[in-house]
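Visitor: Going by the working numbering, 261 is the number at position 19 of the sequence shown; the sequence numbering is gapless.
Virtual Cβ for every residue (Gly too), placed ideally from N, Cα, C.
Please read all numbers here as calculations on a predicted model, not as lab measurements.
Structure below; questions to follow.
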Amino acid sequence: MQLLLPVTINSSQTFESFVGEDSAQIKSELLQSIKGNDFKCFFLAGGIATGKTHLLSACCQAAAQNNKTSILVPLEQVVMSSPDIVDGIEDMSVVCLDNIEEIIGKPEWQVAIFNLFNALIANNATLVISGHEIPNNLNVELPDLASRLQWATLYQVKELTEEEKLQALIKHAHLIGFELSAEVGRFMLSRLPRKMSFLMQALETLAKQSIEKQRIVTVPFVKDVLEI
Numbered sequence: 243m244q245l246l247l248p249v250t251i252n253s254s255q256t257f258e259s260f261v262g263e264d265s266a267q268i269k270s271e272l273l274q275s276i277k278g279n280d281f282k283c284f285f286l287a288g289g290i291a292t293g294k295t296h297l298l299s300a301c302c303q304a305a306a307q308n309n310k311t312s313i314l315v316p317l318e319q320v321v322m323s324s325p326d327i328v329d330g331i332e333d334m335s336v337v338c339l340d341n342i343e344e345i346i347g348k349p350e351w352q353v354a355i356f357n358l359f360n361a362l363i364a365n366n367a368t369l370v371i372s373g374h375e376i377p378n379n380l381n382v383e384l385p386d387l388a389s390r391l392q393w394a395t396l397y398q399v400k401e402l403t404e405e406e407k408l409q410a411l412i413k414h415a416h417l418i419g420f421e422l423s424a425e426v427g428r429f430m431l432s433r434l435p436r437k438m439s440f441l442m443q444a445l446e447t448l449a450k451q452s453i454e455k456q457r458i459v460t461v462p463f464v465k466d467v468l469e470i
């Protein structure tokens with residue numbers, strides 16, 4: 243099995259830490275499919291930094307918790323290589339393909355993903371795909387693959403509101419071992435880039451420094467550690 247893929251699963255990106263409008267339904271259906279034994283395909287459509295990769299990582303972690311094999315393929319990192327790099331992943335119980343638009347204009351990759359799709363159907367696996375556009379707007383050149391993508395259960399992942407971002411920060415801080423007040427969370431949102439991956443990394447830094455310095459995370463502490 244050839245699985246030489248540059249994959250790193252962020253352990254903090256779980257279903258529990260994912261928030262947002264309609265998130266309960268998305269998480270429930272994904273988890274139900276992962277636990278089951280029938281083929282299901284999901285398409286997560288949304289803009290940059292809306293949480294699509296978070297959900298894919300959560301799927302892989304949920305698979306492990308249910309004794310299922312899984313893999314996350316970041317297509318933006320692998321499409322310059324031969325599509326042979328994905329040989330063997332059809333044997334996985336859960337396959338997550340991130341940024342499907344990266345295969346547009348790459349016919350060999352489209353054939354490989356089409357063949358993978360068919361193999362996963364035969365193996366009763368779960369396939370979860372993310373993209374910036376809904377399948378109808380992707381302009382995939384291979385008609386058979388375009389048709390397959392339209393089979394998927396579609397979820398549109400929206401950017402979090404200000405309040406949802408605050409709740410996500412508070413929840414994530416709790417999961418990694420410290421309590422974040424609403425005051426500190428709002429301060430971070432007012433002073434840092436709004437991209438959730440950046441904000442989550444800032445929380446990881448604060449957690450580490452809080453332990454090392456035996457300090458409670460306050461606004462002055464955040465200013466000092468993050469230099470803002």
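Roughly how many angstroms separate the alpha carbons of ARG436 and THR403, rounded to a whole number?
Guide: Walking along the sequence shown from the start, residue 436 turns up at place 194. Walking along the sequence shown from the start, residue 403 turns up at place 161. About 11 Å.
Visitor: What is the residue span of the alpha helix (DSSP H) that GLY427 lies within?
Guide: One-based indexing of the sequence shown puts residue 427 at position 185. Here the alpha helix (DSSP H) through GLY427 covers 424–433.
Visitor: With respect to the alpha helix (DSSP H) encompassing VAL464, which residues constitute its N-terminal and C-terminal limits?
Guide: Working through the sequence shown from its first residue, we reach residue 464 at position 222. Unbroken alpha helix (DSSP H) run through VAL464: 461–468.
Visitor: PHE284 to GLN456, Cα distance in whole Å?
Guide: Working through the sequence shown from its first residue, we reach residue 284 at position 42. Working through the sequence shown from its first residue, we reach residue 456 at position 214. Distance between the alpha carbons of PHE284 and GLN456 is about 44 Å.
Visitor: Quick check for students: name the residue ranges of the beta strand (DSSP E) that lie wholly in the segment 302–333, counting only runs of 3 or more.
Guide: Runs found: 312–316.
Visitor: If I measure Cβ to Cβ from LEU298 and keep anything under 7 Å in the same chain, skipping five residues before and after, which residues do I get?
Guide: Taking the first residue of the sequence shown as 1, we reach residue 298 at position 56. Closer than 7 Å at Cβ, skipping near neighbours: LEU314, CYS338, ASP340, VAL370 and SER372.
Visitor: When you compare only the Cα positions, how much space is there between ILE276 and PHE429?
Guide: Position 34 of the sequence shown, counted from the start, is the residue given in the question as residue 276. Position 187 of the sequence shown, counted from the start, is the residue given in the question as residue 429. In a straight line, the C-alpha of ILE276 is about 38 Å away from that of PHE429.
Visitor: Mapping the DSSP letters down to three states, classify ILE371 as helix, strand or coil.
Guide: Along the sequence shown, read from residue 1 onward, the residue named residue 371 stands at position 129. ILE371: strand per DSSP, three-state reduction.
Visitor: Can you confirm whether the segment 286–294 touches the segment 313–332 when touching is taken to mean that 3 or more C-beta pairs between the two stretches lie within less than 8 Å?
Guide: No contact exists between the segment 313–332 and the segment 286–294.
Visitor: Using DSSP's beta-bridge definition, name the partner residues of LEU396.
Guide: Working through the sequence shown from its first residue, we reach residue 396 at position 154. LEU396 is bridged to PHE285.
Visitor: Just the Cα atoms here: how many angstroms apart are MET334 and THR460?
Guide: As a working mapping, residue 334 is identified with position 92 in the sequence shown. As a working mapping, residue 460 is identified with position 218 in the sequence shown. Those two C-alpha atoms are separated by around 44 Å.
Visitor: Spatial neighbours of CYS302 within its chain, please: CB distance less than 8 Å, with the 5 preceding and 5 following residues excluded, ordered by chain position.
Guide: Here residue 302 is taken as the residue at index 60 of the sequence shown, counted from 1. Same-chain partners within the cutoff: ILE251, SER312, ILE313, LEU314, VAL336 and CYS338.
Visitor: Take the Cβ of MET438 as the centre, count every other Cβ of all protein chains shown within 10 Å, and call the residue buried at 16 or more, exposed below.
Guide: Stepping through the sequence shown from its first residue, residue 438 is reached at position 196. Result: buried.
Visitor: Pull up the CB-CB distance for SER254 and LEU441, whole angstroms please, since I reckon it's below 8 Å.
Guide: Reading the sequence shown from its first residue, position 12 is the one you call residue 254. Reading the sequence shown from its first residue, position 199 is the one you call residue 441. 12 Å between Cβ atoms; not a contact.
Visitor: Would you tell me roughly how many angstroms separate the C-alpha atoms of TYR397 and HIS414, rounded to the nearest one?
Guide: Mapped onto the sequence shown, residue 397 falls at position 155. Mapped onto the sequence shown, residue 414 falls at position 172. Their backbone Cα atoms lie some 23 Å apart in a straight line.
Visitor: Output the distance between the C-alpha atoms of PHE420 and TRP393, rounded to the nearest integer angstrom.
Guide: Along the sequence shown, one-based indexing puts residue 420 at 178. Along the sequence shown, one-based indexing puts residue 393 at 151. Rounded to the nearest angstrom, the two C-alpha atoms are 42 Å apart.
Visitor: Does GLY262 pass the burial test, meaning 16 or more other C-beta atoms within 10 Å, or should it be called exposed?
Guide: As a first step, residue 262 must be located in the sequence shown, where it is residue number 20. The residue is buried, with at least 16 neighbouring Cβ atoms inside 10 Å.
Visitor: With distance defined between alpha-carbon atoms, name the residue in GLU469, GLN352 and ASN365 nearest to ALA326.
Guide: As a position in the sequence shown, residue 326 is number 84, starting the count at 1. First, the residue type needs correcting, since residue 326 is Asp and not Ala in the sequence shown. Of GLU469, GLN352 and ASN365, the residue nearest in Cα terms is GLN352.
Visitor: Can you have a look at GLY330 and say buried or exposed, based on whether 16 or more other CB atoms are within 10 angstroms of its CB?
Guide: Along the sequence shown, one-based indexing puts residue 330 at 88. Exposed.
Visitor: Would you please verify whether the beta carbon of ILE418 is less than 8 Å from any beta carbon of chain D?
Guide: In the structure shown, chain D cannot be found, because there is only a single protein chain.
Visitor: Are LEU431 and LEU408 touching if we call contact CB-CB under 8 Å?
Guide: Taking the first residue of the sequence shown as position 1, residue 431 is located at position 189. Taking the first residue of the sequence shown as position 1, residue 408 is located at position 166. Yes, Cβ-Cβ distance for LEU431 and LEU408 is below 8 Å.
Visitor: Which residue wins for smallest C-alpha separation from THR395, given the options PHE281, ASN308, THR256 and LEU448?
Guide: Locating residue 395 in the sequence shown gives position 153, counting from the first residue. The residue with the shortest Cα to Cα distance from THR395 is PHE281.
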